[in-house]
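Engineer: Have a look at this one before I ask anything.
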Amino acid sequence: MLAKVFNVFETTEIQLTPQAINRLRFSALMSIPAMPLFAAAEFLNFSESVNKVLIALGVICALALLYCFFTRMANRLWIPEKYLDEVEIDRKRRSASLTYQLLVIGLMVSLTIMLLLTGAEKNSATLLSPRMFIFFLGSLMCVSMSVQTVIAAWMTEPLSHGKVDKVASDGRYKWVVLLIILTVGFFGYFIGAFG
Amino acid sequence: MIYNRVKLLRTEKGLSRKELADAVGVNFQTIGYLERGDYNASLELAFKLADYFELSIDMVFSPRPFKSIAQELADAKRAAQ
Chain A
48 MLAKVFNVFE TTEIQLTPQA INRLRFSALM SIPAMPLFAA AEFLNFSESV NKVLIALGVI
108 CALALLYCFF TRMANRLWIP EKYLDEVEID RKRRSASLTY QLLVIGLMVS LTIMLLLTGA
168 EKNSATLLSP RMFIFFLGSL MCVSMSVQTV IAAWMTEPLS HGKVDKVASD GRYKWVVLLI
228 ILTVGFFGYF IGAFG
Chain B
31 MIYNRVKLLR TEKGLSRKEL ADAVGVNFQT IGYLERGDYN ASLELAFKLA DYFELSIDMV
91 FSPRPFKSIA QELADAKRAA Q
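If you're matching them up, the sequences are chains A and B in order.
Under this note's numbering, the final residue of the first sequence carries the number 242; numbering is consecutive throughout.
Under this note's numbering, the final residue of the second sequence carries the number 111; numbering is consecutive throughout.
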């Protein structure tokens, strides 16, 4: 059953054209600062106008993030390995290990800066509030997903060159994506209106 | 680096990448990267491909570059004489 579901998201020739790969690389790169921008608008004491700009930029980056997560190649990074073939497993493992290394370095650097700031300002209670911690974890998750997508997209060499067979495009994928958006939108509306 | 004759054998059989990929149970991109030399097949896939083409594994994969078909034919002719 699951194999059938995951096969809907199988990579086809259209996703391996140079244009499609470049589009994914660009949008994945653009999506990295989405959560940090929202965090900056929420927790740093900028003026109202700067906050509006940060949120507007954050929304654009979040849209890029949404686009990334609905591309087949990014989907293949989250599918269990038994449903992938060996090239996809190799790409998934290599991108995950490189992402892990980069995030550990980034985390160490950001924690050091944070400790230096809190030490200098004696304001650790504000910087380590539970709300900020939850936001930090959410940001870390989104950034790690974006970074892994960027790395995987950069590891992927284009196979097709523009002209691809129309049969290669699987129409079911678009319907599944539409269904996901509608379901999430419905629950979002429901929670927003009655929650 | 492992060299292979997958592209030659596939085109000889008149198969698309997708058809060959389906026959050996992988995604078409694996065949594409394999043909281009961007990826080394696992032992399992190498055996599957050799079985599919009904050849021994060393006829499909080699650690040294394969001779061209023209060279192979010339060698065979010379050996026959």
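The beta carbon of each residue, even a glycine, is placed where N, CA and C say it ideally should be.
#1: Where in the region 120-189 of chain A do unbroken runs of the beta strand (DSSP E), each at least 3 residues long, occur, reported from the N-terminal end onward?
#2: Let me make sure I understand the geometry here. Which of B:69, B:101, B:84, B:73 has the alpha-carbon closest to that of residue 134 of chain A?
#3: Determine the closest residue to residue 184 of chain A out of A:53, A:82, A:67, with distance taken between C-alpha atoms.
#4: What does residue 146 of chain A reach in chain B if we use C-beta pairs closer than 7 Å?
#5: Using a Cβ-Cβ distance cut-off of 7 Å, determine whether residue 57 of chain B contacts chain A.
#6: Are the region 184-195 of chain A and the region 138-154 of chain A in contact at 8 Å, needing three or more beta carbon pairs?
#7: For the region 72-95 of chain B, which residues have a beta carbon sitting closer than 7 Å to at least one beta carbon of chain A?
#8: Flag residue 206 of chain A as yes if its beta-carbon sits less than 7 Å from any beta-carbon of chain B, otherwise no.
#9: Starting from residue 82 of chain B, trace the alpha helix (DSSP H) in both directions and tell me its first and last residue.
#10: At the 7 Å Cβ level, is residue 100 of chain A part of the contact set with chain B, yes or no?
#11: So for residue 70 of chain B, helix, strand or coil by DSSP?
#12: Are the Cβ atoms of residue 119 of chain A and residue 200 of chain A separated by less than 7 Å?
#13: Run through chain B and tell me which residues come within less than 8 Å of residue 71 of chain A, C-beta to C-beta.
#14: Which class does residue 91 of chain B belong to by DSSP, given the choice of helix, strand or coil?
#15: Distance, Cα to Cα, residue 154 of chain A vs residue 190 of chain A?
#16: Identify whether residue 54 of chain A lies in helix, strand or coil by the three-state DSSP scheme.
#17: How would you call residue 33 of chain B, buried or exposed, if buried means at least 16 neighbouring beta carbons within 10 angstroms?
#18: What does a CB cutoff of less than 8 Å around residue 97 of chain B pick up in its chain, not counting 5 residues either side in sequence?
#19: Chain B beta carbons: is any one of them nearer than 7 Å to that of residue 128 of chain A?
#20: Could you check the C-alpha separation between residue 67 of chain A and residue 111 of chain A for me, to the nearest Å?
#21: Pick helix, strand or coil for residue 36 of chain B, following the three-state DSSP scheme.
#22: Would you report the Cα separation of residue 45 of chain B and residue 65 of chain B, rounded to the nearest angstrom?
#23: To the nearest angstrom, how far is it from the Cα of residue 55 of chain B to the Cα of residue 226 of chain A?
#24: What residues in its chain sit with their C-beta under 7 Å from that of residue 186 of chain A, if we drop five residues either side in the sequence?
#25: How many angstroms separate the CA atom of residue 205 of chain A from the CA atom of residue 161 of chain A?
Structural biologist: Concretely, from the data shown:
#1: Runs of the beta strand (DSSP E) lying entirely within the region 120-189 of chain A, each at least 3 residues long, are absent.
#2: Your numbering for residue 134 of chain A matches position 87 in the first sequence. When the alpha-carbon of residue 134 of chain A is set against those of B:69, B:101, B:84, B:73, the nearest one is in B:69.
#3: By one-based count along the first sequence, residue 184 of chain A stands at place 137. Among A:53, A:82, A:67, the Cα nearest to that of residue 184 of chain A is on A:82.
#4: Sequence index remark: in the first sequence, residue 146 of chain A carries index 99 (1-based). None at all; the shortest Cβ gap to chain B is about 21 Å.
#5: On the second sequence, position 27 is the one that residue 57 of chain B refers to. Yes, because at least one Cβ of chain A sits closer than 7 Å to the Cβ of residue 57 of chain B.
#6: Taking 8 Å as the limit for Cβ pairs, the verdict is that the region 138-154 of chain A does touch the region 184-195 of chain A.
#7: Interface annotation for the region 72-95 of chain B against chain A: 72, 75, criterion Cβ-Cβ distance under 7 Å.
#8: Numbered from 1 along the first sequence, position 159 holds the residue referred to as residue 206 of chain A. It does: the Cβ of residue 206 of chain A has a partner Cβ on chain B nearer than 7 Å.
#9: Counting from 1 along the second sequence, the entry for residue 82 of chain B is found at position 52. Start and end: 73-82.
#10: Numbered from 1 along the first sequence, position 53 holds the residue referred to as residue 100 of chain A. Not closer than 7 Å to any Cβ of chain B, the Cβ of residue 100 of chain A fails to qualify, so no.
#11: In the second sequence, counting from the first residue as 1, residue 70 of chain B sits at position 40. DSSP places residue 70 of chain B outside both helix and strand once states are collapsed to three, so it counts as coil.
#12: In the first sequence, the residue the question calls residue 119 of chain A occupies position 72. In the first sequence, the residue the question calls residue 200 of chain A occupies position 153. With contacts defined as CB atoms closer than 7 Å, residue 119 of chain A and residue 200 of chain A fail to qualify as a contacting pair.
#13: Against the first sequence, residue 71 of chain A aligns to sequence position 24. None at all; the shortest Cβ gap to chain B is about 14 Å.
#14: Indexing the second sequence from 1 puts residue 91 of chain B at position 61. Strand.
#15: Translated into the one-based positions of the first sequence, residue 154 of chain A becomes position 107. Translated into the one-based positions of the first sequence, residue 190 of chain A becomes position 143. Whole-angstrom Cα-Cα distance: 11 Å.
#16: Taking the first sequence and counting its residues from 1, the one referred to as residue 54 of chain A is at position 7. Assignment of residue 54 of chain A by DSSP, reduced to helix, strand and coil, places it in the helix class.
#17: What you label residue 33 of chain B is simply residue 3 of the second sequence in a count that begins at 1. Taking all protein chains in view, the Cβ of residue 33 of chain B is surrounded by fewer than 16 other Cβ atoms within 10 Å, so the residue is classified as exposed.
#18: Looking up residue 97 of chain B in the second sequence gives position 67. Only 105 meet the Cβ criterion.
#19: Along the first sequence, one-based indexing puts residue 128 of chain A at 81. Using beta-carbon distances, residue 128 of chain A does not count as an interface residue toward chain B, since no partner is under 7 Å.
#20: Indexing the first sequence from 1 puts residue 67 of chain A at position 20. Indexing the first sequence from 1 puts residue 111 of chain A at position 64. In a straight line, the C-alpha of residue 67 of chain A is about 14 Å away from that of residue 111 of chain A.
#21: In the second sequence, the residue the question calls residue 36 of chain B occupies position 6. Under the three-state reduction of DSSP output, residue 36 of chain B falls in the helix class.
#22: On the second sequence, residue 45 of chain B is found 15 positions in, with the first residue counted as 1. On the second sequence, residue 65 of chain B is found 35 positions in, with the first residue counted as 1. So the two alpha carbons sit approximately 13 Å from each other.
#23: For the purposes of this step, residue 55 of chain B is taken as the residue at position 25 of the second sequence. For the purposes of this step, residue 226 of chain A is taken as the residue at position 179 of the first sequence. It is roughly 29 Å from the alpha-carbon of residue 55 of chain B to the alpha-carbon of residue 226 of chain A.
#24: By one-based count along the first sequence, residue 186 of chain A stands at place 139. Non-local beta-carbon contacts of residue 186 of chain A in its own chain, meaning distances under 7 Å to residues more than five positions away in sequence, involve 82, 83, 86 in chain order.
#25: Working through the first sequence from its first residue, we reach residue 205 of chain A at position 158. Working through the first sequence from its first residue, we reach residue 161 of chain A at position 114. Roughly 41 Å separates the two Cα atoms.
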